[in-house]
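Q: Quick one: the structure is below, and I'll ask about it shortly.
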Amino acid sequence: MTVSEETPLLNDDEGDIMKHELIYKRFSTRQKRFLVTIVSGCGLLPLFVSLTIYPAIPRMVKDLDSTPEVLGFAVSLSVLSMSIGALTAASYSTFYGRRPIYLLAYPFLVFGSIGVAQCRTIPELLFFRILQCGGASPGFAIGAGVIGDIYKLEERGTAMGIFLAAVLLGCSVAPVAGGLAAQYASWRLMQLIIGVLGTFAFVVIWFCFPETSHPGARGIENLRMQADKGIKIRWTQYLVNPLSPLGLLRSPNILAVTLACFTAALTFFVLMVPIAYTMGVRYNIKNNALLGACAIPGGIGEMVGAPLSGYISDRTVIRYRKSRAGVWYPEDRLRAALTGALVLLPLSTMLYGFTTAYVEGPVGVALDCICLFVNGIGLELVLSPASSYVVDVLHSRSAEAVAANNGFRSVILSFAIAGIMPMIEAHGVVFTNFIAAVVAWLGFGLLWLTIRYGGSMRAWCDVGFSKAETN
461 MTVSEETPLL
471 NDDEGDIMKH
481 ELIYKRFSTR
491 QKRFLVTIVS
501 GCGLLPLFVS
511 LTIYPAIPRM
521 VKDLDSTPEV
531 LGFAVSLSVL
541 SMSIGALTAA
551 SYSTFYGRRP
561 IYLLAYPFLV
571 FGSIGVAQCR
581 TIPELLFFRI
591 LQCGGASPGF
601 AIGAGVIGDI
611 YKLEERGTAM
621 GIFLAAVLLG
631 CSVAPVAGGL
641 AAQYASWRLM
651 QLIIGVLGTF
661 AFVVIWFCFP
671 ETSHPGARGI
681 ENLRMQADKG
691 IKIRWTQYLV
701 NPLSPLGLLR
711 SPNILAVTLA
721 CFTAALTFFV
731 LMVPIAYTMG
741 VRYNIKNNAL
751 LGACAIPGGI
761 GEMVGAPLSG
771 YISDRTVIRY
781 RKSRAGVWYP
791 EDRLRAALTG
801 ALVLLPLSTM
811 LYGFTTAYVE
821 GPVGVALDCI
831 CLFVNGIGLE
841 LVLSPASSYV
851 VDVLHSRSAE
861 AVAANNGFRS
871 VILSFAIAGI
881 MPMIEAHGVV
891 FTNFIAAVVA
901 WLGFGLLWLT
911 IRYGGSMRAW
921 CDVGFSKAET
931 N
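Position one of the sequence shown corresponds to residue 461 (my numbering), numbered consecutively onward.
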């Protein structure tokens, strides 16, 4: 039998499937919803840390006696810090569990937020911003891991979509909150509020959040079993390589999907990072709160797109699995991402550039807002199926897989973001957005290749892919 698009990871064995499904019955439906609520709240924090700063950049430039380019560099470094933090948190959450990593990270978020609120120089801002972003970093990767812990394969896409929809509420709320704080109080106040939210999250996790990792799946449990048998355990065995999730990128499937997610996310940052100097300057929007409000259409689009894409991806998995008489081909889930990658993301990005450059007045503002809304839908049509896919194929290392996806993507984004403002200054918004659209089309190509040749790509490098009966 040749390895092809129709090659499953493994044929289903009904006994093993029934046994494994009992794991997903540890929590009732009500408990699962409560856990999703908690991890969604935790997932909001990284977005508040990231997005509240964009509308405040002009005010921060004045307060810190700096330039937009230097502040853009600071933002890119914080993205890098968040990616490294997510990799570290995911690695240790696989070994020690989800709960202790949440509890360890949030004090750094609180301390970093207080430091950012008190900083007076760019070096101080960078130091405390790195702490703040590192402390917030577990929000998405571990949250996605929790979704994988408590929901089985056919339910996971919908649950992931709901999780992302709740998390991406931050895309609408965070810029507005940051803009309001910068306009009517101070951008420093917003950082103190983030510190308060981090404290609240710590308390909720401490009192209300149980461990969700599958029984026997944590590395610390295996070490305890060895110790009980009298086997000597070295202290180094309690340490985890924080970069180990990056080893998953040896898989062509994971690498291709990660790069496709990067191309999708790049369109979002090309629209959002320079918004004060594109929409703000073009349409004479000087009020920071109004600048933040310009991000609302994109956030609404993401909130609409996330549950929609989750539902579509689950239906796609079920339909294609049924057509193959129960054989599971994991790349089927990625079919739900093709429309967003091919049409919505590149076209909305290019149109935004043209309208900003050539369309004046309220009509231009309205068209830009429509582009942001469509971009938000397209972004989630790509990211949600992709996140569910990496959880599907690497279920036992779901948090690490998501962290590798997000972490590597964020590292590349940190460099790309640093170049957005200089490119707009040198070549203009039309050229910059056109390049981002072309990159998005390359991402579509990667998704199509993964769907078409996924079986062969998995065979090239097996990094411990999950089997059908363990999902």
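Glycine included, C-beta positions come from ideal geometry on N, C-alpha and C.
Near Ala619, which residues of its chain fall below 6 angstroms by C-beta distance, leaving aside the five closest residues on each side in sequence?
A: So the qualifying residues of the chain are Ile607 and Tyr611.
Q: Just how far apart, CA to CA, sit Glu840 and Gly690?
A: Rounded to whole angstroms, Glu840 to Gly690 spans 50 angstroms at the Cα level.
Q: Which whole-angstrom value is the C-beta distance of Ile837 and Val764, which I expect to be below 8 angstroms?
A: Right, the Cβ-Cβ distance comes to about 6 angstroms (below 8 angstroms), so this counts as a contact.
Q: Taking only three categories from DSSP, how would you classify Lys689?
A: Coil at Lys689, not helix or strand.
Q: Of all the alpha helix (DSSP H) runs that stay within the bounds of the stretch 586 to 660, which reach a length of 4 or more residues?
A: Whole alpha helix (DSSP H) segments, 4+ residues: 598 to 610, 613 to 627 and 629 to 644.
Q: Do Ala859 and Ala549 have their beta-carbon atoms positioned less than 9 angstroms apart in this structure?
A: Contact: yes.
Q: Please work out which residues of its chain come closer than 6 angstroms, Cβ to Cβ, to Ser711, disregarding the five sequence neighbours upstream and downstream, and give them in chain order.
A: Excluding positions up to five away in sequence, the list reads Cys921 and Val923.
Q: Alpha carbons only, please: which of Val819, Gly575, Ser553 and Leu827 is nearest the one belonging to Tyr698?
A: Nearest option by C-alpha distance: Ser553.
Q: Thinking C-beta only, is Tyr562 closer than 9 angstroms to Glu598?
A: Residue identity differs from the one stated: residue 598 is Pro in this sequence, not Glu. Going by C-beta atoms, Pro598 is nearer than 9 angstroms to Tyr562.
Q: Taking all protein chains shown into account, decide if His855 is buried (16 or more other Cβ within 10 angstroms of its Cβ) or exposed.
A: Buried, by the Cβ-count rule.
Q: Assuming contact is defined by CB atoms lying nearer than 9 angstroms, are Leu547 and Leu569 in contact in what I supplied?
A: Cβ distance not < 9 angstroms, so Leu547 and Leu569 don't count as in contact.
Q: Any idea what DSSP makes of Glu465, helix, strand or coil?
A: Confidence is the limiting factor: at Glu465 the pLDDT is only 48, short of 50, which leaves the residue's position unreliable, though a coordinate-based value still follows. Coil, per DSSP.
Q: Does the Cβ of Tyr818 have 16 or more other Cβ atoms within 10 Å, making it buried, or fewer, making it exposed?
A: Answer is exposed; the Cβ neighbour count stays below 16.
Q: How would you call Ile693, buried or exposed, if buried means at least 16 neighbouring beta carbons within 10 angstroms?
A: Burial call: exposed.
Q: Spatial neighbours of Ala900 within its chain, please: CB distance less than 8 angstroms, with the 5 preceding and 5 following residues excluded, ordered by chain position.
A: Excluding sequence neighbours, Ala900 sits near Thr723, Ala724, Leu726, Thr727, Ala801, Leu805, Pro806 and Thr809.
Q: Does Phe937 come out as helix, strand or coil in the three-state DSSP assignment?
A: Past the boundaries of the shown model lies residue 937; the chain is included only from 461 to 931, so the question cannot be answered.
Q: Suppose the cutoff is 7 angstroms on Cβ atoms and the five residues either side in sequence are ignored; what does the same chain contact list for Phe925 look like?
A: Around Phe925: Leu469, Val853, Leu854 and Arg918.
Q: Using three-state DSSP, classify Asn471 as helix, strand or coil.
A: Reliability fails at Asn471, whose pLDDT of 49 lies under 50, so the model's placement of it is uncertain and the value that follows must be treated cautiously. It is coil, neither helix nor strand.
Q: Are the stretch 578 to 593 and the stretch 729 to 741 touching by the rule of at least three beta carbon pairs closer than 8 angstroms?
A: Taking 8 angstroms as the limit for Cβ pairs, the verdict is that the stretch 729 to 741 does not touch the stretch 578 to 593.
Q: Looking at Ala677 and Ser512, is the spacing between their C-beta atoms short of 9 angstroms?
A: Residue identity differs from the one stated: residue 512 is Thr in this sequence, not Ser. No. Outside cutoff.
Q: Distance, Cα to Cα, Trp695 vs Arg793?
A: One C-alpha to the other measures close to 41 angstroms.
Q: Thinking C-alpha only, which one of Ala720, Val535 and Phe662 is nearest Tyr849?
A: Ranking the options by Cα distance to Tyr849, first place goes to Ala720.
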